[in-house]
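Trainee: Sharing a structure here in C-alpha cells format.
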Amino acid sequence: MGIGSVLVGFSAMMGLLLLSFPIAVIMVVLGVIGGVMLYGMPLLNSMGPVIWGVQNENLLTAIPLFILLGELLLRSGIADRMYGALSLWLNRLPGGLLHTNIGCCALFAATSGSSVATAATVGTVALPALDARGYAPSRSLGSLAAGGTLGILIPPSVNLLIYGSLANESVGRLFIAGIVPGVLLTLAFMAFILVEGLILKRRGEGAEEINVPLRVKIAALVHLVPPTIIFGIVMGSIYFGIATPTESAALGVVTALLFAWREGRLTPSFLDHCFRQTAKTTGMILLIITAAFMLNVTLALGGVAQAMTEWVASFGLSAVGLLVALIVFYLFLGMFMDVLSMQVLTIPIALPIVVAVGVDPIWFGVFIVLMCELGMITPPVGMNLYVVQGVRTDGGPFRDVVVGAIPYALIMILFTVFLIMVPELVTWLPNTMLGR
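Numbering-wise, the sequence shown is residues 139 to 574 according to the numbering used here.
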C-alpha cells in the first residue's frame, strides 16, 4: 500500500468524522472495505480471531477495574472531603483555591485513571466555593479543565493501559514512567497559578482566603489517607513486582470497597450505580479498541507502517525534529478528534516511525498521553472544556473555559518540549523497577 492510498484512507476517515459517524463504525468500515479491496473476502476470516483475541486479552480486564475504582471513590464522598482537606493547606498560597483545584485533580487522578471523571468530580465540588470567594470564572474553569487532564497521565491511567495494549509494551513500566512527568506537570501548573496570583495580588485583584488554625489543618489530613493508601497499594505492587497491572487494579478496588464500607456507603443502590456506570464506559472503550484492531489487520497486511516509516525517513528528520512535527500534528488532530480515537488511530502508524529514529517506546507512550491531554483542552472538541462548562451553575459563556485553558495548553506544549530535551525524566524510574 503506497502513501497515496494511506492519504486517501486518512481523508476518508476525517470526512466521515466530520459527518458525525461514530469512530468505531468508521474504523470497522475502513478496515473491512480496505482489506477486501486489497486481499478479497478471505481477509474477513482473519477478523474473527482478532475480535476474539481482543475480547479475551487479560490485560484489558484492568480497564473496567480502574474505572470502577474511580466510581467507588467518587460516589463514596471521599473526593469531597479530599478537596476540603487540601483547601485548608493550599488556600493561603497566592492563587488560593486554584492550587487546591490542581492538587485535588492530581490526587484524584492517582486513583481514578480518567480525565473526564477527574474534571467532573473536582469541578462539582470546587465551583461553588470558587464562585463564593469571587474568583474570575476563566481562572477557575481553566484550572479545573487543565487539572482534569492529569487523570490520564498520573497512573493508574486507562489511556496508558490502552497504549500498552496497542503497542505491546509493559503497562507496569508505562504506569511507573508516568509518575515523574505527572508530578512535574502538576507543579508547573501550580507555579503558573502562583505567579499569576502574585501579579493579581499586587493589583489588588486576588481573592481573600481564610487563615485556619494549624490543629484544624492537621486534623483534616485524615481525609487524604484513603487516596494515598490506594495509590500506594496499586503503584507499589506494580513497582516492586508483586502484582500485574490487572491484579493491582483488583487490589485497589477491594481497598476502595473497604473505605466505602467504612463511610457507610456500601449499599445495594450504591453498588448498582457504580457497576452500571463502569459497564457503560467499559463497553464504549472496548468497542473502539476492537474496531481499532480490525483496522490494524488491514494496515499491517498492507504494510502501511513500513511505507510511512520510509516516507518520513525520506525527509531526513532527526528524532527531535520528528517529535516536534508530531506535536504540531497532534495539536491539529486534537481539535477535531477525541482522545481515545487519537490513540487507536495513530499509535499503530506513529510508533514504528519514532522507534525507527531511536525513540524509546515507553517514553513515546508518555508523549502520546501528553498530546491527548492537550487535545482535551483545545477547542472545538476538547472534552474537558465541555465537562467543566457542564458542571457550571451560573450558565456563563463557553468562552470563559476556553480562555482560561489556553495558558495551561501552552504549558503542556513547553513541558513536552522539555521532556524531549531530557527524556531521562520519563525513563529513569521504570528502569529501576523490580521484576521489570
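The C-beta atom is built at its ideal place from N, Cα and C for all residues, glycine as well.
1. Would you grab the beta carbon distance between residue 656 and residue 394 for me? Rounded to a whole angstrom, and I think it's under 8 Å.
2. What does the alpha-carbon distance come out to for the pair residue 379 and residue 229?
3. In the DSSP assignment, the alpha helix (DSSP H) including residue 278 goes from what residue to what residue?
4. Report, in whole angstroms, the separation of the C-beta atoms of residue 516 and residue 473, which I expect to be a contact under 8 Å.
5. How far does the alpha helix (DSSP H) with residue 522 in it extend, from its first residue to its last?
6. One question on the structure: do residue 503 and residue 301 come within less than 7 Å of each other, judged by their Cβ atoms?
7. Output yes or no for whether 7 Å exceeds the beta carbon distance between residue 208 and residue 253.
8. Skipping 5 residues on each side, what residues in its chain have a beta carbon closer than 6 Å to that of residue 187?
9. How about residue 262 and residue 529: are their beta carbons less than 7 Å apart?
10. Quick one: what does DSSP say residue 187 is sitting in, helix, strand or coil?
11. Three-state secondary structure (DSSP) at residue 209?
12. Could you tell me whether the Cβ atoms of residue 270 and residue 543 are closer together than 7 Å?
13. Under 8 Å by Cβ, that's how I've got residue 389 and residue 372 pegged, so tell me the actual separation to the nearest angstrom.
14. Should residue 527 be flagged as near chain B, meaning a C-beta pair shorter than 7 Å?
15. Just curious, the alpha helix (DSSP H) that residue 564 is in, first and last residue?
16. Looking only at C-alpha atoms, which of 149, 279, 189 sits nearest to residue 430?
17. With a threshold of 7 Å on Cβ separation, who are the neighbours of residue 547 within its own chain once the five nearest residues in sequence on each side are excluded?
18. Find the nearest neighbour of residue 339 within the set 561, 232, 258, judged by alpha-carbon distance.
19. Inspect the CB distances between the stretch 200-215 and the stretch 408-424 and report whether three or more fall short of 8 Å.
20. Considering Cα atoms alone, identify which of 287, 421, 291 is closest to residue 199.
21. Using only alpha-carbon positions, find the residue among 197, 162, 438 that is nearest to residue 490.
22. Would you kindly work out how many angstroms separate the C-alpha atoms of residue 201 and residue 296, rounded to a whole number?
23. Between the Cα of residue 565 and those of 492, 498, 475, 153, spot the shortest distance and give me the residue it belongs to.
24. Out of curiosity, what's the CA-to-CA distance linking residue 464 and residue 552?
25. Quick one: measure Cβ to Cβ for residue 376 and residue 365, integer angstroms, because I've assumed they're closer than 8 Å.
26. By a C-beta neighbour count over all protein chains shown, 10 Å radius and 16 as the cutoff for buried, is residue 323 buried or exposed?
27. Under DSSP, the alpha helix (DSSP H) around residue 314 begins and ends at which residues?
28. Quick test of the definition: if touching needs 3 or more C-beta pairs under 8 Å, does the stretch 318-338 touch the stretch 231-246?
29. Determine the direct distance from the alpha carbon of residue 183 to that of residue 555, and round the result to whole angstroms.
30. Can you check the stretch 458-501 for any alpha helix (DSSP H) of at least 4 residues that lies completely inside it and give the ranges in chain order?
31. What does the alpha-carbon distance come out to for the pair residue 278 and residue 174?
Mentor: The relevant details are as follows:
1. The question about residue 656 has no answer, for the chain in this structure spans 139 to 574.
2. Taking the straight line joining both Cα atoms gives about 38 Å.
3. Note, residue 278: alpha helix (DSSP H), 275-286.
4. The C-beta distance from residue 516 to residue 473 rounds to 5 Å, short enough to fall under 8 Å.
5. Note, residue 522: alpha helix (DSSP H), 521-528.
6. In this structure, residue 301 lies closer than 7 Å to residue 503 by Cβ.
7. 7 Å or more divides the Cβ of residue 208 from the Cβ of residue 253.
8. Closer than 6 Å at Cβ, skipping near neighbours: no residue.
9. With a cutoff of 7 Å on beta-carbon distance, residue 262 and residue 529 are scored as near each other.
10. Assignment of residue 187 by DSSP, reduced to helix, strand and coil, places it in the helix class.
11. Of the three classes helix, strand and coil, the one that applies to residue 209 here is helix, per DSSP.
12. No, the Cβ-Cβ distance between residue 270 and residue 543 is not below 7 Å.
13. Distance from residue 389 to residue 372 at the Cβ level is roughly 7 Å; contact confirmed, criterion being Cβ atoms closer than 8 Å.
14. The structure shown contains no chain B; it holds only a single protein chain.
15. It spans 562-565 - the alpha helix (DSSP H) in which residue 564 sits, taken as one unbroken run.
16. Of all alpha-carbon atoms in 149, 279, 189, the one lying nearest the alpha-carbon of residue 430 is that of 189.
17. Cβ neighbours of residue 547 beyond the five flanking positions: 512, 515, 516.
18. Closest option to residue 339, Cα to Cα, is 232.
19. Flag = yes, the stretch 200-215 and the stretch 408-424 touch.
20. If we check each option's Cα against that of residue 199, 421 comes out closest.
21. Of the listed residues, the one whose Cα sits closest to residue 490 is 438.
22. Each residue's alpha carbon lies about 6 Å from the other.
23. The closest CA to that of residue 565, considering only 492, 498, 475, 153, is found on 498.
24. Their backbone Cα atoms lie some 14 Å apart in a straight line.
25. Distance from residue 376 to residue 365 at the Cβ level is roughly 17 Å; contact not present, criterion being Cβ atoms closer than 8 Å.
26. Looking at its Cβ environment, which holds 16 or more other Cβ atoms inside 10 Å, residue 323 is buried.
27. Counting along the chain, the unbroken alpha helix (DSSP H) around residue 314 starts and ends at 309-315.
28. Output reads yes: the stretch 231-246 touches the stretch 318-338.
29. If you take the alpha carbons of residue 555 and residue 183, they lie about 44 Å apart.
30. Along the length of the stretch 458-501, whole alpha helix (DSSP H) runs at least 4 residues long occupy 477-494, reported in chain order.
31. Cα to Cα, residue 278 sits roughly 51 Å from residue 174.
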